[in-house]
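Shown next, in structure tokens, is the structure this report addresses.
Structure below.
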């Protein structure tokens, strides 16, 4: 069977593309022609539009982009209807064969972490039955509560062949207030990175990476390259490409010499591609166009940096 | 108007009770007589039962317990239907006049934290309209991303008279792996506590506490007492009383000399009160009985420790 991280990396190799389509969908991202079919004055109408917009973008790129990352905050803000759009988006991407990352950044004490893990990775125990609450292949989690807040996720990764990405070094400016603190010989994020490597030690797949990955901001290229060396079994999810300012050259160091070990998320630049292509009336085509440009940009930078031989 | 933390502490004083009813509802908590009216083999049926069970417990104690804490994980695990039960529970508690803490432990980079804050504290911007996604007075948040992951919540606390509780020192055993690390002269949790005090500096109410509070595990009494001295403007939310093993004596040090500065959550011991009272057929009465015993236990310990004069 292998582990989930193998499946993700196999999909990356098959598509020759380490990109992830981020769906942080906001109603401001809709072209007018699309928006006018919906009642965007209500939570229900906005949520319906978001789910439909996402499906169109998934259809536009699912044959060339191996994974999708769906940011829960932008669905929770539309209430229960938003959570339905969240479910529908995860479910649709999964049915289209993409690896599905539920970007929920959850965490809590062990018993509660067990409930969160059931919600996204495992199964919810019912009376003489069980069910899947939200269909995801990966979740993102926060490490502040230590091992017993992570273990339930790791257990479900083993049982259900799923994966997690633990926040290690985030892409936002003030992440360093906490994460860069010197904790005696190394920073907090390095220490968390070491814990992540340990948590995944039993789930290393045939490509050398475990199903317990790390979120590493693509906006900190030097730290990312150093973490790549420090954590040879930990695959990175790199947010921040595009709108947040990270470049393909900067993130090449987060990949290993074969060109694996990381996937790169872009949200706004893909979702709002139509804004940069005034002549293109079809926003889905614009997203596909920018997705292809992103793949080329990253693969060229990886080839030039000697990180694999990408087509 | 004052700040949200004033409203919470005013309610505590009025009820002469610093307890919080935790609703970490699980179907195993239902007495058979209650459960048999629902189809607990499906997510929808379980979620419906959870919402009803919560309403009965809220009705049972809303005149004597000033606040409720609803743990999102136990709702997310029932999928979209569970999120509807989450909404209904927050909404019902609010309508019953309780202070409502959405225990979601969310956090992310600034733009995404803005969306989370809109979901729970602020308003969701729609096309020429706005709406409230989930009705809460407080949310719990995680500090790992530093100031810009917290600022959106603090902004909404000011605009909408709301509050947050930031994870500082958690009640679980492995919290110390991260939180107790020496970061050069103080531990990480002390440093996070200092940040929390700073984040709330503009939101201090007439009782001397800001609307930016801290989650401090009641399972670590010595650290709690030291934090009380270190952070005189930060109100604590103390989980861990009862089932997690914290005692009233142990948590007295988390209160100030007037007996304020903290609220104490109990979930399982209140929700499953009927299991400890085999003669009582009415589970709501059992919860009320245990809630009164909890109030007496805490107030007695506070009086004995010279932390206010509680009736």
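Protein chains in written order, with our numbering: chain B, 630 to 940; chain P, 630 to 940. Heads up, the beta-carbon is just placed ideally off N, CA and C, and yes, glycines get one too. Computed from a prediction, not measured in an experiment: that's the story for all the values here.
Residues near residue 708/P by beta carbon distance below 7 Å, same chain, minus five either side: Correct list, in chain order: 672.
Buried versus exposed call for residue 859/P [16 or more other C-beta atoms within 10 Å across all chains shown]: exposed
Exposure of residue 636/B, with buried meaning 16 or more beta-carbon neighbours within 10 Å: buried
Neighbour flag for residue 870/P against chain B, beta carbons, 8 Å: no
Strand pairing of residue 931/B, partner residues [DSSP]: Beta-bridge pairing links residue 931/B to no other residue.
Those runs of the beta strand (DSSP E) which lie wholly inside the stretch 681-755 of chain P and span at least 3 residues: 696-700, 728-735, 753-755
Assigned secondary structure, residue 891/P (DSSP; H/G/I helix, E/B strand, else coil): strand
Under 8 Å between C-beta atoms of residue 604/B and residue 906/B: Shown here, chain B extends from 630 to 940; a query on residue 604/B therefore has no answer.
First through last residue of the alpha helix (DSSP H) which encompasses residue 899/P: 897-900
Residue-chain proximity (residue 798/B, chain P), Cβ-Cβ < 8 Å: no
Coil, strand or helix - residue 909/P by DSSP: coil
Spatial distance of residue 831/B from residue 844/B (CA atoms): 19 Å
Cβ neighbour criterion (16 or more within 10 Å) applied to residue 621/B: This structure cannot settle anything about residue 621/B, because the visible part of chain B is limited to 630 through 940.
Residues sharing a beta bridge with residue 875/P, DSSP: Its beta-bridge partners are 870/P.
Nearest-angstrom Cα separation, counted from residue 675/P out to residue 710/P: Going from the Cα of residue 710/P to the Cα of residue 675/P covers about 9 Å.
Backbone CA spacing between residue 784/B and residue 645/P [nearest angstrom]: 43 Å
Within-8 Å CB hit, residue 807/B to chain P: yes
Residue-chain proximity (residue 757/P, chain B), Cβ-Cβ < 8 Å: yes
Within-8 Å CB hit, residue 844/B to chain P: no
Terminal residues of the alpha helix (DSSP H) in which residue 778/P lies: 776-789
Best match in 765/B, 683/B, 779/B for proximity to residue 790/B [C-alpha to C-alpha]: Taking only the C-alpha atoms, the option nearest residue 790/B is 765/B.
Those residues which DSSP pairs with residue 770/P across a bridge: 735/P, 795/P
Chain-ordered neighbours of residue 684/P on chain B, where CB pairs are closer than 8 Å: Chain B residues near residue 684/P: none, gap ~17 Å exceeds 8 Å.
Test: residue 777/B CB closer than 8 Å to a CB of chain P: Chain P contact via Cβ: present.
Rounded C-alpha distance that separates residue 809/B from residue 869/B: The straight-line gap from Cα to Cα measures roughly 18 Å.
8 Å Cβ cutoff, residue 760/P in contact with chain B: Yes, contact with chain B.
Minimum C-alpha distance to residue 863/B - residue among 876/B, 850/B, 891/B, 660/B: 891/B
Any chain P beta carbon closer than 8 Å to residue 669/B: Taking 8 Å as the threshold, the shortest C-beta distance from residue 669/B to chain P falls below it.
Beta-carbon neighbours of residue 739/B, restricted to chain P and to distances below 7 Å: 801
Best match in 924/P, 933/P, 911/P for proximity to residue 660/P [C-alpha to C-alpha]: Looking at the Cα atoms, 911/P is the closest of the given residues.
Assumed close pair residue 807/B, residue 795/B - CB separation to whole angstroms, cut-off 8 Å: Cβ-Cβ separation between residue 807/B and residue 795/B: approximately 15 Å, too far for a contact (criterion under 8 Å).
Under 8 Å by beta carbon: chain P residues contacting residue 734/B: 735, 736, 737, 771
Distance between beta carbons of residue 927/B and residue 647/B, contact taken as under 8 Å: Indeed they touch by this definition, with Cβ atoms about 6 Å apart.
Residue span of the beta strand (DSSP E) that contains residue 863/B, given as start and end: Unbroken run through residue 863/B: none, as it is neither H nor E.
Whole-angstrom distance between residue 895/P and residue 929/B, CA atom to CA atom: Approximately 56 Å between the Cα atoms of the pair.
Own chain, CB closer than 6 Å to residue 658/P, minus 5 neighbours either side, in chain order: Here the set comprises 900, 901.
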